[in-house]
Amino acid sequence: MGSVGSASFYTAATVDNAPVLVAAEAVAGHPMLNPVWEPQHSRLLILLATNPVVSHGYGTTLADPVRRLRENQALGGQIWTIDPRRTESAALSDNHLQLRPGSDVILLAALVRELFADERCRDALASTCHDGDSDRLARAVLPFSLEAAEIATGCSRELIDELLAQLRSNYGRVAMFCGTGTTMATDGILVEWLRWVLLAMTGSLDVIGGMRFNEGVVNRLAQIRPGTPALDGPTSRPELVRIAGQMPVAAMVDEIEAGRLKVLVVTGGNPLSAFPEPDRFRQAAALLDALVVIDVADTELCDLATHVLPAAGQLERADLTLAEQVAFRSGMQFTPSIVEPEADRRPVWWILGSLAARSERPMFGGAPLDALSDEGILAGLLGHGPIEASDVISAGSRGVDTTPSYGWVRERMLADGRWRIAPEAFVERLALHKGPEVGLLLVPRRESAWSNSIRFAGSGDESVVVLHPDDASLRGILAGDWVALTTEHGSLVATAGIDETLRPGVVSVTHGHPGSLTGTLTSSRVDVDSLTAMPRASGLPVRVDKLGM
């Protein structure tokens, strides 16, 4: 972006995982700090609104998740899933809290309140957190009792008490993941914050046995100096802020309509399927001077584009595993290209370098692009890390492991070595939390992406809107019926499925399915979180009507 003189950078993070980034920066000092599970060490894993058996992890790159979960259990670990649906991960878990959507905050706050009765948990906060934070936190969670959690979640008190007992008995060996079911919901930031709180209280942050942090090889994090000024947010939406340096997606169409965004370059994404209000974006795209799409596939976005630039496919390019802060392993892996790019496809670095050169802001030191290679570009990225580039490239897909580190976050990333466990903005938001909505509520669902196997990929016409049998019966809906799913913001038409693994009162919808644009159900102007700039896309009240089709 700097090569073309722009700081207007958008990603799907602000419709997906912004609460993860905001909570990490507030508590640990950097938005990219992400705690990683160690199945060989942890003895209690909590999966909250996430389904790693299908997704392979949210906030972690978990290869072969079923084997990892079973290995952890074989070592004596317990796995708890907290989700309105009995997911594939819940089916492998030791216990399942099938709670109401939107009741997560009350449950976690109640658990935190009870842990204050444990001397070890109080001592953990006193030794690792700022002075006064513990008292502020204790006051903040005081209104949230176990009785309130039982009522809000609709779960048995016995199960909640057992989860609390497991948190106490597995002190120092707790891990917890959260997923889109909470990050996309109202007050998803509170869920992420309280996850950090629970890990800190149970002595499970940045220690062996709990959750560790990857130092990185290419993307080695540095402390953000206190007083570093934040970049300006969108002028057209002054109430929204940047998240981890990124402009909020909720403001992108406003910026186009205001004439502040004139050229949009999209690399491997599709605002029509991922962002709120796709019809509004479609109209705004006509106002752009240029819409440049760089992709490996001919998507519907290409029909709107002024320029379509075909990128090299996954087997046509070399790569590094650059998602380091969420990586399950510490180290780096290089994968060579398998085949030569066909037709006019080019690596993304070559395409962006060409655009920069034509803007008279050359990249790569002005070197001729055709004289460069994937391996040379990637070796340059490795040049400042702790592993020799030649070692990484020669190791190929085997990768080069580094020794996991513990304690380095508090030592190097926090000015005084203490977690900021009671940020004022989060404490104030918790005092205003209202709990779950009533009626039918929408939750997102992840589907397996077996794009390399027709046998597992399915026919493509699978049900998009899934209901509990009781909710379907009340509305006269049968499996395969066409239904209209409506929120206050819009509606979509899709086929219905019946699934008894859902909690009654919950409607599950696949995000990004070719047969539905779930962005029509959300808004970029209403219910946008002021702390995370996230549009609300989970826990939404919905209506489902059978159609005569």
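In terms of UniProt numbering, the sequence shown has 143 at position 143, counting the first letter as 1, and numbering is strictly consecutive. For every residue, glycine included, the Cβ atom is placed at its ideal position computed from N, Cα and C. Remember, predicted model here, so these are calculated numbers, not experimental data.
- If one requires a minimum length of 3 residues, no beta strand (DSSP E) run lies completely within the segment 339 to 363.
- Between Pro-541 and Glu-437 the beta-carbon gap is near 5 Å, inside 8 Å, which marks them as a contact.
- When the five nearest sequence neighbours on each side are left out, the beta carbons in the same chain lying within less than 7 Å of the beta carbon of Ile-224 are those of Gly-29 and His-30, in order along the chain.
- Note that the C-beta distance between Asn-95 and Leu-159 is below 9 Å.
- Thr-183 places its beta carbon less than 9 Å from that of Ala-49.
- For Ala-185, no alpha helix (DSSP H) segment is defined, and its DSSP state is neither H nor E.
- A Cβ-Cβ separation of about 5 Å places Thr-510 in contact with Arg-445 under the 8 Å criterion.
- Per DSSP, the continuous beta strand (DSSP E) segment holding Cys-178 begins and ends at 174 to 178.
- Taking the C-beta atoms as reference points, Phe-144 is found nearer than 9 Å to Ala-109.
- The criterion of a C-beta distance shorter than 9 Å is not satisfied by Asp-295 and Thr-321.
- Ala-323 places its beta carbon less than 9 Å from that of Thr-61.
- By a beta-carbon distance limit of 8 Å, Val-53 does not contact Val-36. Their separation comes to about 18 Å.
- Residue range 278 to 285 is occupied by the alpha helix (DSSP H) that includes Arg-280.
- Not a single unbroken stretch of the alpha helix (DSSP H) spanning 4 or more residues falls wholly within the segment 476 to 530.
- Taking a cut-off of 8 Å on C-beta distances, the segment 473 to 480 does not touch the segment 401 to 412, as fewer than three cross pairs fall below it.
- Between the alpha carbons of Phe-275 and Val-507 lies a distance of about 20 Å.
- Out of Thr-487, Leu-517, Leu-474 and Glu-488, the CA that lies nearest to the CA of Ala-494 is found in Leu-517.
- For Ala-327, the pairing in a beta bridge is given by DSSP as Thr-61.
- In chain order, Leu-111, Glu-114, Leu-115 and Leu-146 place their CB closer than 8 Å to the CB of Leu-164, counting only its own chain and leaving out the 5 sequence neighbours on each side.
- Thr-299 and Asp-83 have their C-alpha atoms roughly 33 Å apart.
- Counting along the chain, the unbroken beta strand (DSSP E) around Gln-78 starts and ends at 78 to 82.
- Runs of alpha helix (DSSP H) with 4 or more residues, each lying fully within the segment 115 to 153, are found at 119 to 128, 133 to 141 and 146 to 153, listed in chain order.
- Under the 8 Å Cβ criterion, the segment 198 to 207 does not count as touching the segment 232 to 243, having fewer than three qualifying pairs.
- Contact between the segment 95 to 105 and the segment 523 to 533 is absent: fewer than three C-beta pairs spanning the two stretches fall below 8 Å.
- Distances from the CA of Ala-222 to each of Trp-408, Ser-330 and Glu-340 were compared; the closest alpha carbon is that of Trp-408.
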